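Step one of this worksheet: look at the structure below.
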Amino acid sequence: MIPKEQRIDAALEKYLAATPSLQEEISALDASEQKQEVQWAFEDEADSRGLEHWELVLEFVAETPEELKTMRLEVYQEVAEALGMDLPEYLELNEIEI
């Protein structure tokens, strides 16, 4: 499993590799502009799929459905803890099925 701090960069790399039209579109830009354009396109892709940005990141970096489920649960657990809730309570309140 990819460490949390590396997931966004890995997802952006995979997204760019899977999107040749975007590669061509940004080829004339400098590196920082390319990175920004890829981030914006990635966010637009998440929106078009009805996903949060972090959800699309996980979909791109998970190697198996089980790994995707595990990573999602980690995120839900972190959010639940930040809200002072336990995980089952958070999942029920937000109608999230695992």
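For the working numbering, add 16 to where a residue sits in the sequence shown, where the first one is 1. The beta carbon of each residue, even a glycine, is placed where N, CA and C say it ideally should be. Quantities reported herein were computed from a predicted structural model and do not represent experimental measurements.
Item, Value
"What first and last residue would you give for the alpha helix (DSSP H) that runs through Met17?", "Counting along the chain, Met17 falls outside any alpha helix (DSSP H), and DSSP gives it neither H nor E."
"Starting from the C-beta of Gln93, find all residues in its chain whose C-beta is less than 7 Å away, skip the five residues before and the five after it, and write them out in chain order.", "Leu103"
"Who are the near neighbours of Lys30 in its chain, counting only those whose CB is closer than 6 Å to its CB and skipping five residues on each side?", "Phe76"
"For Leu72, which option in Phe58, Glu79, Leu107, Ile112 has the closest C-alpha, if you only look at C-alpha atoms?", "Phe58"
"Could you say which of Lys85, Gly100, Ala98, Leu99 lies nearest to Ile112 if we only look at CA atoms?", "Lys85"
"In chain order, what residues of the same chain have a beta carbon less than 8 Å from the beta carbon of Ala98, not counting five sequence neighbours either side?", "none"
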